Amino acid sequence: MLLTAFWLLMVRTAMECPWGLRPAMFDGGVETGILYNANDTWTYLSWIRQYQDGAWGAELLYTTEPHPALLWLFPLWLVGRVSAATGLNPIGVFNVAGFTGALVAVFCFRRATRALGFSPSQGNWATVVLVLGSGSSWIWHAAHLANLAPPATGADLGYFDLFPSATIHIYAYHSLGLALLTALWWFTIKCETAVLREGVWNRWLPATVGCALLLGFSRPYEPAAFLAAYGLKSAWVWSQRHRDPGTWRTCRFMISVLASTLGAGLAWNAYVAVQPIWSTFAGHSLSLGKNRIDWLAGFGGLWLAAGLGVRPLFRLGARMALLPCAAAILMLVVLLVLDLDQSKLVSGLSVGLALMAGLGLHRVAAWCQARMHPVAATALGALLVGGLIGTGSLFLNLRSLRLKRPPPMDAGLWQAAAAIPKLTGSRVTTVLTDALTGNALPGLRGVRVWAGHLALTHRYAEKLEILRAAGIDPHCPSEPEVIGDRLQRLLAEVHFDYALLDRHCEESIGMLLRRGWAVVKSSHDWRVLRAPGEPPSEVSLASPTPP
Numbered sequence: 001m002l003l004t005a006f007w008l009l010m011v012r013t014a015m016e017c018p019w020g021l022r023p024a025m026f027d028g029g030v031e032t033g034i035l036y037n038a039n040d041t042w043t044y045l046s047w048i049r050q051y052q053d054g055a056w057g058a059e060l061l062y063t064t065e066p067h068p069a070l071l072w073l074f075p076l077w078l079v080g081r082v083s084a085a086t087g088l089n090p091i092g093v094f095n096v097a098g099f100t101g102a103l104v105a106v107f108c109f110r111r112a113t114r115a116l117g118f119s120p121s122q123g124n125w126a127t128v129v130l131v132l133g134s135g136s137s138w139i140w141h142a143a144h145l146a147n148l149a150p151p152a153t154g155a156d157l158g159y160f161d162l163f164p165s166a167t168i169h170i171y172a173y174h175s176l177g178l179a180l181l182t183a184l185w186w187f188t189i190k191c192e193t194a195v196l197r198e199g200v201w202n203r204w205l206p207a208t209v210g211c212a213l214l215l216g217f218s219r220p221y222e223p224a225a226f227l228a229a230y231g232l233k234s235a236w237v238w239s240q241r242h243r244d245p246g247t248w249r250t251c252r253f254m255i256s257v258l259a260s261t262l263g264a265g266l267a268w269n270a271y272v273a274v275q276p277i278w279s280t281f282a283g284h285s286l287s288l289g290k291n292r293i294d295w296l297a298g299f300g301g302l303w304l305a306a307g308l309g310v311r312p313l314f315r316l317g318a319r320m321a322l323l324p325c326a327a328a329i330l331m332l333v334v335l336l337v338l339d340l341d342q343s344k345l346v347s348g349l350s351v352g353l354a355l356m357a358g359l360g361l362h363r364v365a366a367w368c369q370a371r372m373h374p375v376a377a378t379a380l381g382a383l384l385v386g387g388l389i390g391t392g393s394l395f396l397n398l399r400s401l402r403l404k405r406p407p408p409m410d411a412g413l414w415q416a417a418a419a420i421p422k423l424t425g426s427r428v429t430t431v432l433t434d435a436l437t438g439n440a441l442p443g444l445r446g447v448r449v450w451a452g453h454l455a456l457t458h459r460y461a462e463k464l465e466i467l468r469a470a471g472i473d474p475h476c477p478s479e480p481e482v483i484g485d486r487l488q489r490l491l492a493e494v495h496f497d498y499a500l501l502d503r504h505c506e507e508s509i510g511m512l513l514r515r516g517w518a519v520v521k522s523s524h525d526w527r528v529l530r531a532p533g534e535p536p537s538e539v540s541l542a543s544p545t546p547p
């Protein structure tokens with residue numbers, strides 16, 4: 001675990017990205033502490049901001065259409081409450097929580113290997129797969145650089161949700177979900193063993209129930225995948241019930257516990273997903289568009305290593321072997337056999353794949369050591385292991401993240417955003433701005449925008465065109481004769497409390513001033529305007545502090 005902490009800190013340092021506990025000012029702007037995929041990170045922060053203000057159910061702040069505040073995500077709620085209690089910047093708390101979640105995930109994963117009966121060496125190899133495992137696309141990339149192959153990009157280069165090795169570096173929310181998932185693996189295995197030996201009531205049962213409930217209200221994919229894997233295991237045990245009735249009774253009890261606890265969160269998320277406005281978000285969440293070749297390049301080496309681990313896994317006993325094996329098989333079926341676009345459904349199954357692949361790598365290392373000189377065994381073993389778990393792809397990804405990190409936020413925009421109050425009266429402040437700026441504002445300030453995120457804005461494409469026609473987008477100027485009519489119609493349809501506009505939106509700013517809007521903050525490139533009738537705010541009139 002100490003080695004994992006050192007590795008995570010070393011990577012973060014190499015990325016030269018601050019933690020975000022306080023804004024870092026540079027000549028190029030403000031470093032917010034977001035390492036990768038700012039679009040989604042601002043989304044998570046928009047929910048954290050609402051939880052920070054005391055809300056239990058979060059709304060979608062990326063749209064003005066009325067909808068209920070239904071979303072409760074335990075990891076983000078916890079970050080929001082810690083931020084409220086400490087007064088620290090939510091971005092910094094989020095990053096530290098992600099780092100902590102990664103360490104907890106490794107700790108619980110290693111405890112799960114022991115509970116399964118892995119030897120210390122086998123557990124170490126499985127941990128290597130979890131922390132460093134990636135795909136095989138680096139081989140194609142190297143061959144392409146040598147003019148030996150055409151360019152090819154597998155799912156392991158650029159898509160990280162299913163790879164714990166990349167997730168623990170860049171997605172704090174996913175790391176927290178991974179921590180709960182690996183804890184559930186550990187608790188479930190221990191609880192199952194205790195039920196066989198001690199009966200239903202044992203000390204591992206409350207831990208399993210509590211962890212499953214929290215995971216169910218954290219992310220929908222991991223609990224669904226874990227439940228499916230345990231269901232597949234249960235189906236096999238049921239087919240052997242006459243031969244081993246004790247194991248079937250235990251498995252039946254555990255599947256009922258898991259189904260009722262994980263099912264609570266899954267049922268609530270399913271209910272939210274079919275509600276108006278929320279359904280727009282749900283419809284975008286699962287679609288990824290990867291194909292079989294992408295996934296084969298991404299997981300081919302790990303599946304091969306997992307295949308080598310089948311025999312040593314079943315030597316531990318069928319009861320122990322079935323759950324990791326079911327997880328790896330389900331992942332293979334969904335990604336390669338069914339070729340579903342909704343591949344996020346297999347999130348979390350990579351834990352079972354890592355367990356099996358770790359046994360496979362241990363077998364490779366033992367084979368090399370038994371047949372070769374120690375130096376040759378080390379060299380060949382490192383080559384085989386690196387090829388199977390794809391550490392080359394991981395390093396390519398980390399290099400790409402270093403080169404393509406989100407640019408610093410414009411200092412003028414940072415200061416202008418600070419002049420907008422989070423609340424106007426008893427309601428969340430609604431801000432008129434362009435979609436690019438609107439993507440950050442809900443997470444940066446906890447305010448509402450009309451359009452700002454592809455998946456969370458209702459009728460996003462339509463609204464984007466309306467903003468451009470109304471002269472709100474400085475990068476796509478509209479015809480002056482069109483701006484007045486379109487902006488007037490927009491203001492009639494939606495009540496905005498403030499506007500945050502680039503100075504190049506001169507026509508729109510002028511029209512707002514003529515309609516009684518007042519400038520409350522002006523920087524070199526940005527103007528903050530208050531709608532007529534809105535009372536002056538202490539935040540907007542005082543010297544702004546960083547969001």
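Using this note's numbering, read the sequence shown as starting at 1 and increasing by one per residue. Cβ atoms here follow ideal geometry from the backbone N, Cα and C, with glycine treated the same way. Quick caveat: nothing in here was measured; it's all calculated off a predicted structure.
Handout entry: Host beta strand (DSSP E) of Gly-29 (start-end)
Key = 29-31
Exercise for the section: Assign Ala-416 to buried or exposed, taking buried as 16 or more other Cβ atoms, counted over all protein chains shown, within 10 Å of its Cβ. Expected result: By the neighbour-count rule (16 or more Cβ atoms within 10 Å), Ala-416 is buried.
Handout entry: Exposure label - Pro-223; buried when at least 16 CB within 10 Å
Key = buried
Exercise for the section: Work out the CA separation of Val-528 and Thr-545 for me, nearest whole Å. Expected result: For Thr-545, the predicted structure reports a pLDDT of 47, less than 50, and the residue's modelled location is therefore unreliable. The matter cannot be settled from this model.
Exercise for the section: Output the distance between the C-alpha atoms of Leu-302 and Pro-374, rounded to the nearest integer angstrom. Expected result: 25 Å
Exercise for the section: Using the Cα positions of Leu-60 and Trp-140, report the straight-line distance between them to the nearest angstrom. Expected result: 41 Å
Handout entry: Burial state of Asp-497 (16 or more Cβ within 10 Å)
Key = With 16 or more Cβ atoms within 10 Å of its Cβ, Asp-497 is classed as buried.
Exercise for the section: Find the nearest neighbour of Ser-134 within the set Leu-456, Leu-316, Phe-299, judged by alpha-carbon distance. Expected result: Ser-134 has its Cα closest to that of Phe-299, out of Leu-456, Leu-316, Phe-299.
Practice task
Flag this pair as yes or no: are the beta carbons of Asp-305 and Leu-388 separated by less than 8 Å?
Solution key: Reading the sequence as shown, one finds Ala at residue 305 and not Asp. Closer than 8 Å, so yes.
Practice task
Go ahead and pull the three-state DSSP assignment for Thr-433.
Solution key: coil
Practice task
Could you check how far apart the C-beta atoms of Ala-451 and Ala-435 are, in whole angstroms? I think they sit under 8 Å.
Solution key: 5 Å
Practice task
Please look up how many angstroms separate the CB atoms of Thr-182 and Val-351, rounded, as I've assumed it's under 8 Å.
Solution key: 6 Å
Exercise for the section: Check each candidate in Tyr-173, Ser-347, Leu-262, Val-519 and name the one with the smallest Cα separation from Gly-38. Expected result: Note on identity: in this sequence residue 38 is Ala, with Gly being the wrong assignment. The candidate whose alpha carbon is nearest that of Ala-38 is Tyr-173.
Handout entry: Exposed unless 16 or more other CB atoms sit within 10 angstroms - verdict on Ser-543
Key = Note that Ser-543 has pLDDT 37, beneath the 50 cutoff, so the model's placement of it is unreliable and the number below is only indicative. With fewer than 16 other Cβ atoms within 10 Å, it is exposed.
Handout entry: Under the three-state DSSP convention, the category Phe-26 falls into
Key = strand
Handout entry: Exposure label - Gly-177; buried when at least 16 CB within 10 Å
Key = With a threshold of 16 other beta carbon atoms within 10 Å, Gly-177 meets it and is buried.
Exercise for the section: Could you check the C-alpha separation between Gly-80 and Phe-74 for me, to the nearest Å? Expected result: 10 Å
Exercise for the section: Enumerate in chain order the residues of its own chain whose CB-to-CB distance from Val-428 is below 6 Å, with the five nearest sequence positions on each side excluded. Expected result: Arg-448
Practice task
Starting from Ala-499, follow the beta strand (DSSP E) in both directions and report where the run begins and ends.
Solution key: From DSSP, the beta strand (DSSP E) with Ala-499 extends over 498-502.
Practice task
Give the straight-line distance between the Cα atoms of Val-552 and Leu-184, rounded to the nearest whole angstrom.
Solution key: The shown model of the chain, from 1 to 547, leaves out residue 552, and the question about it has no answer.
Practice task
Report yes if the CB atom of Leu-130 is closer than 8 Å to the CB atom of Ala-354, and no otherwise.
Solution key: yes
Handout entry: Separation of Ser-234 from Arg-252, as counted between CA atoms
Key = 7 Å
Exercise for the section: Closer than 6 Å by C-beta to His-458: which residues in its own chain qualify, once you throw out the five before and the five after it? Chain order, please. Expected result: These residues qualify, in order along the chain: Thr-63, Glu-65, Ile-277, Thr-280.
Problem - Meets three-Cβ-pair contact criterion under 8 Å: the stretch 190-198 and the stretch 211-226 - result: By the Cβ test, the stretch 190-198 is not in contact with the stretch 211-226, since fewer than three Cβ pairs between them sit closer than 8 Å.
Handout entry: Helix, strand or coil at Trp-125 according to DSSP, with G and I counted as helix
Key = helix
Problem - Beta-carbon proximity check, Gly-533 vs Arg-49, cutoff 8 Å - result: Taking 8 Å as the Cβ cut-off, Gly-533 and Arg-49 do not qualify as a contacting pair.
Handout entry: C-alpha gap between Pro-408 and Met-1, whole angstroms
Key = Across the structure, Pro-408 and Met-1 are spaced so that their CA atoms are roughly 32 Å apart.
Practice task
Use the C-beta contact count for Leu-413: other C-beta atoms within 10 angstroms, 16 or more gives buried, fewer gives exposed.
Solution key: buried
Handout entry: Leu-454 to Trp-367 span [Cα, whole Å]
Key = 51 Å
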